[in-house]
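Working notes, structure below.
Protein chains: 4
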Amino acid sequence: MAHHDFTPDCYYNNIGWHDPVLEIAPGDTVSTTTVDARGWDQNGEQAATRGNPMTGPFYIAGAEEGDTFVVHFDKLWPNRDWGWTGHQIAPNVLDPGFDPGFTRVDEPLRWPIDLEAGTATQPDTLPGLVLPLRPMVGCFGIAPPRGQAISTATSSTHGGNMDYNGFVEGVTVYLPVEAPGALFHLGDGHAVQGDGEIVGTGIEISFDVTFSVDLIKGKRIGWPRGENDTHIFVAGNARPLDQCVEHASSELVRWLEADYGLSSQTAHALLGQCVEYDMGNVFDPAYTMVCKVAKSLLGQLGAERAG
Amino acid sequence: MAHHDFTPDCYYNNIGWHDPVLEIAPGDTVSTTTVDARGWDQNGEQAATRGNPMTGPFYIAGAEEGDTFVVHFDKLWPNRDWGWTGHQIAPNVLDPGFDPGFTRVDEPLRWPIDLEAGTATQPDTLPGLVLPLRPMVGCFGIAPPRGQAISTATSSTHGGNMDYNGFVEGVTVYLPVEAPGALFHLGDGHAVQGDGEIVGTGIEISFDVTFSVDLIKGKRIGWPRGENDTHIFVAGNARPLDQCVEHASSELVRWLEADYGLSSQTAHALLGQCVEYDMGNVFDPAYTMVCKVAKSLLGQLGAERAG
Amino acid sequence: MAHHDFTPDCYYNNIGWHDPVLEIAPGDTVSTTTVDARGWDQNGEQAATRGNPMTGPFYIAGAEEGDTFVVHFDKLWPNRDWGWTGHQIAPNVLDPGFDPGFTRVDEPLRWPIDLEAGTATQPDTLPGLVLPLRPMVGCFGIAPPRGQAISTATSSTHGGNMDYNGFVEGVTVYLPVEAPGALFHLGDGHAVQGDGEIVGTGIEISFDVTFSVDLIKGKRIGWPRGENDTHIFVAGNARPLDQCVEHASSELVRWLEADYGLSSQTAHALLGQCVEYDMGNVFDPAYTMVCKVAKSLLGQLGAERAG
Amino acid sequence: MAHHDFTPDCYYNNIGWHDPVLEIAPGDTVSTTTVDARGWDQNGEQAATRGNPMTGPFYIAGAEEGDTFVVHFDKLWPNRDWGWTGHQIAPNVLDPGFDPGFTRVDEPLRWPIDLEAGTATQPDTLPGLVLPLRPMVGCFGIAPPRGQAISTATSSTHGGNMDYNGFVEGVTVYLPVEAPGALFHLGDGHAVQGDGEIVGTGIEISFDVTFSVDLIKGKRIGWPRGENDTHIFVAGNARPLDQCVEHASSELVRWLEADYGLSSQTAHALLGQCVEYDMGNVFDPAYTMVCKVAKSLLGQLGAERAG
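This is the structure in structure tokens:
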């Protein structure tokens, strides 16, 4: 149950079977930092190559293929007083040929962040608007199967660039281990993000992060699972969104049956009238849809999680 | 501003340019009933042909192509003490080839409804679970363009079988008028429905309904728009879900620009960090995705709706 | 086995349960004309409302729900010396945001047609290019289920605007009867069309048409089936293309099993190594994909069609 | 212009920035072998790990990011007298919930191959059927961008598991270089394959292969391009098929404009009436659609390729 302070000095733009930067044990906690999606750090310096550079990977002692890696986000908070966003809704989110009515700008839009008040503003474009911060990690994951190294632009079963605004402080995530040590990477912090990440960014910013890890030995899962105070959920990552729905829904059914002991009939009937879906992103090469169910309903059914 | 009590005696299984059952005026209110998706009425009698039979159409005096039809759901409440659902998550919602582990049953699953307590239960499959009623209309719409008559199994720009659980009491909906009199149809009440209608049904039940209509002359919209106390929203109906997102997002941008006076830059930047998406259905021939934004944020921007 | 000469004087822009223009019998042949997609006839006059106006519907005596309607295209040939096309590949066929590099023109591009030589040219844009005519009907079908009237912009199980360049002279098509008399409509002739109809048009032109009809009593099919000298095929109409593939492939499997007597194992193994797919359209609200297999291979297997 | 004989002794199950097995120069030819998709070699021995193991990578001297790698398939021919296929059309190719009517078999179906006659048969399931061999490589490609290593189950801009039955002897393919030396991998030979690879396999078999490589310095392309005697073509790899169409069509337009000197108007008009699409695969995580145009038509337009 050690606590590690880790200062990164190298970053990967893909999630893969890389040499670890630190070895930790199940139960350990790590405090570290992440740079933003363009590689700018807490001082606004270019510390890494553009394109969701990752802090890590962290090697979890004892993790091996067929286990489940567990990470809890203890703290996610911006460590500088400005972030940036895209200007324009991505063309794939609008009708083909829809004319946005203004020219694409490459220079990002800068948002002042008040870390004390916990708010973001964009006085030029959105005068009067004050958004409460809801910091989340856009991209994190562990080494994917078959020795792959997958770009941090996209996502799959290993996690990756899911850009789901529900990955906030207090959430626990479960991922399927494929490589020895699991090899956990994270980065791409957003101070705020709308559903779908439709301008291609949240409010991109560097973070102070504290996370804790754990391991469930010999438990194989198929897709990123998570939980917060109120819900258990699964993220499905693919295209089109329909396929995200298929992956996430199937995995939630499997979870309810295998770990909560629900019969198939009960799992289907429950989800039929009580399932909820959140949209992660509709911008990245793989989209993300989240399928979830309230813990309170499982409680009413007397279903408790084993394993 | 007349009030009409209307007792239906014929039902259509498509939404089209049919002879109206009642002529009403903008500002009028109608109290009527709807049968359930299989055509069973408040007494459980087969009153109409299976497949979302519609009450109506109602002819709105003065409505013509190029206007916007407005309907407000004043009251939506079940009028009998049981509903029914499907048993099984639809195969298109799960991974191809996913084995549900139990045989498909045609006989629907019966849910006792306590109208006084406002709750639904299914003691056999879901012992202990008590769901608060959240009555909604699964299918409603007005005559589609080009003289079409479109099955109540599906949906498009005219509304139809959107199966969005946000179409509840208190909501106002806007639809593009194509036929003289607009020709409003409604039915397919659900006492409760999960996101996506993934078992192919909500808790299907007959309703007592009261609705009020209005007309915005000379205003042309593209897709069903709506509002409730907290949000304005657009429903996009198509396949795959990606295309629903495109339709709904484009229409919301148009709405913000044309009626709220937002510049393109402001509309894009606002939605980028503040948009929300709800899933209507992923079961019907056309899926439904809802794109929405909080009225409070528009208020912060000082944007008020004109027209 | 009567022959009818029919001169149309009304046209529908949807395919539905309309009053027939002529009653014919199974075995009969009809010679008639069709106007082009904008309603321009053999003299270039506006004879009908723009948007794939249909000649018909023709009532086939004895046809009723649960039968299969059969049509053979005896002759399809342009009856004027010019056609027209769109200028620009549709934005949904290109990457989102792809800039075509020239401004959209509404005025169609005019193509001289040499009816004697059987060729089409477009000397301004495509100097030197001479395309052999391959006349096909873009849109045809019979009344859809549930009393629907479906726009001739789109397609479904009833046929409709499939825009498949394999629907040429000599082809026989099978469609599922839903309405009394089947109610056959046709129009939207193309002198030439590329795969996918990616500029939104073929070379649009008015036609002289001769077709023969037949009926298979009590035989229920699911999707448009067809055959030519070399292949049997099925058209699947939906979005995305993946769903077209699913519909067309499933129907071809059913066809091979039910009518050619192939075992499931044989049907799957045959299609696995021998299936062919053609793209109909990727422009209309519903796309079209055709799944086909060579008759010669069925011959090698000794499979003969019953029914 | 050296000729190399290369005998592989290691195989990768992903395409990435691996240490090369052989360095060759532009203009060189290599004769080598590939094992089948399950890693079985010419003797039926397990020589590599299951899942499209690749021969290579080959390092092309002088290749660097921003160049175009060129490979010509001089010879593709099976080197043993049997291949194998799947039994069942994949569930994602059929309607959701479609019951194939027979139980999934893991043991592959064995097809005798007559190398002299150049034919394949499957006497048990397909008695009487004799298929001419049409050998093709299912999976080949070069190192992808951003240091990625991408599973040979899937495909993208770098090539990969496209399973397009047009990648036969005599074809030349162009791929975008991302890594020093390009790093060419190939394998997954099919003696025969239907469109779409709908049973998840062609007739899988080990190959004798001869290929020649070349380099176009400083030329950047976006997607795999190819040509044979009659056509130039582009492969788009993604999901759904619609997105494959978008990628492939956009790249073909760019190719025609940049290298053949066609104006945008001419490129759009030509493809509108003359484009052809072939389906690669609808089985793998990324599907493949090929967009092509006949060289003879380019000849009629007087368009010659520069660069």
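Which chain is which? The protein sequence lines are A, B, C and D, in order.
Going left to right, the first sequence walks through residues 1 to 307 as our numbering numbers them.
Going left to right, the second sequence walks through residues 308 to 614 as our numbering numbers them.
Going left to right, the third sequence walks through residues 615 to 921 as our numbering numbers them.
Going left to right, the fourth sequence walks through residues 922 to 1228 as our numbering numbers them.
For every residue, glycine included, the Cβ atom is placed at its ideal position computed from N, Cα and C.
| Item | Value |
| --- | --- |
| Contact list for glycine 711 of chain C against chain A, beta-carbon separation under 7 Å | Pro91 |
| Interface partners of proline 1161 of chain D on chain F, CB under 9 Å | Note that chain F does not occur in the displayed structure, where the protein chains are A, B, C and D. |
| Simplified DSSP state of glycine 477 of chain B, which is helix, strand or coil | coil |
| Proximity to proline 759 of chain C [Cα-Cα], best of C:Ile629, C:Arg853, C:Cys624 and C:Thr824 | C:Ile629 |
| Collapsed DSSP secondary structure at proline 1048 of chain D in the structure displayed | coil |
| Beta-carbon proximity list for threonine 646 of chain C, same chain, < 6 Å, skipping 5 on both sides | Phe620, Thr669 and Val823 |
| Residues within the segment 566-599 of chain B neighbouring chain A, beta-carbon criterion of under 7 Å | Ser571, Gln572, Thr573, His575, Ala576, Leu577, Leu578, Gly579, Gln580, Cys581, Val582, Glu583, Tyr584, Met586 and Val589 |
| Distance between isoleucine 1119 of chain D and glutamate 841 of chain C (C-alpha atoms, nearest Å) | 22 Å |
| Of the residues B:Trp418, B:Cys551 and B:Leu604, the one placed nearest aspartate 591 of chain B, counting alpha carbons only | B:Cys551 |
| First through last residue of the beta strand (DSSP E) which encompasses histidine 845 of chain C | 845-852 |
| Within 7 Å of chain D by C-beta, residues of the segment 138-154 of chain A in sequence order | Arg146, Gly147, Gln148, Ala149, Ile150 and Ser151 |
| Cβ-based neighbour list, asparagine 62 of chain A, same chain, cut-off 7 Å, excluding 5 preceding and 5 following | The question names asparagine, but residue 62 of chain A is glycine in the sequence shown. These residues qualify, in order along the chain: Pro26 and Leu215. |
| Validate contact between the segment 1183-1197 of chain D and the segment 1110-1126 of chain D using beta carbons, cut 8 Å, 3 pairs | no |
| Secondary structure, alpha helix (DSSP H): runs of 4+ residues fully inside the segment 1002-1057 of chain D | none |
| Proline 759 of chain C, DSSP secondary structure in three states | helix |
| Bounding residues of the alpha helix (DSSP H) (the contiguous stretch that carries glycine 299 of chain A) | 295-300 |
| Whole-number beta carbon distance between glycine 236 of chain A and threonine 288 of chain A, since they are thought to touch under 8 Å | 7 Å |
| Sufficient close CB pairs (3 or more, under 8 Å) joining the segment 131-147 of chain A to the segment 88-104 of chain A | no |
| Cβ neighbour criterion (16 or more within 10 Å) applied to aspartate 1084 of chain D | buried |
| Segments of 4+ residues assigned as alpha helix (DSSP H) that fall wholly inside the segment 1131-1215 of chain D | 1162-1180 and 1185-1195 |
| contact_flag[the segment 1089-1096 of chain D, the segment 989-1004 of chain D] where n(CB pairs < 8 Å) is 3 or more | yes |
| Euclidean distance between Cα positions of proline 315 of chain B and methionine 615 of chain C | 47 Å |
| Assigned secondary structure, glutamine 46 of chain A (DSSP; H/G/I helix, E/B strand, else coil) | strand |
| Short-range partners of chain D found in the segment 7-41 of chain A, where Cβ spacing is below 7 Å | Asn13, Asn14 and Gly16 |
| Of the listed residues A:Gly118, A:Asp81, A:Asn92 and A:Pro91, nearest to arginine 110 of chain A (C-alpha basis) | A:Asp81 |
| Closer than 9 Å at the beta carbon, the chain C residues around glycine 300 of chain B | Not covered by the structure: residue 300 of chain B. The range shown for chain B is 308 to 614. |
| First and last residue of the uninterrupted beta strand (DSSP E) at phenylalanine 1105 of chain D | 1105-1111 |
| For histidine 993 of chain D: DSSP bridge partner residues | D:Thr1093 and D:Ser1133 |
| Three-state secondary structure assigned by DSSP to tyrosine 1238 of chain D | Nothing can be reported for residue 1238 of chain D, as the shown portion of chain D is limited to 922 through 1228. |
| Contacts that valine 1120 of chain D makes with chain C (C-beta to C-beta distance below 7 Å) | His882 and Gly886 |
| Among A:Ala267, A:Gly261, A:Gly218 and A:Asp278, nearest to phenylalanine 233 of chain A - alpha-carbon criterion | A:Asp278 |
| Beta strand (DSSP E) segment containing threonine 29 of chain A, residue limits | 29-34 |
| Neighbour list for glycine 435 of chain B in chain A, Cβ cutoff strictly below 7 Å | Gln300, Leu301 and Gly302 |
| Whole-Å CB distance - alanine 576 of chain B paired with threonine 537 of chain B, under 8 Å assumed | Not a contact, Cβ separation roughly 21 Å. |
| Burial state of valine 744 of chain C, where buried means 16 or more other Cβ atoms lie within 10 Å | exposed |
| Strand pairing of isoleucine 367 of chain B, partner residues [DSSP] | B:Ile331 |
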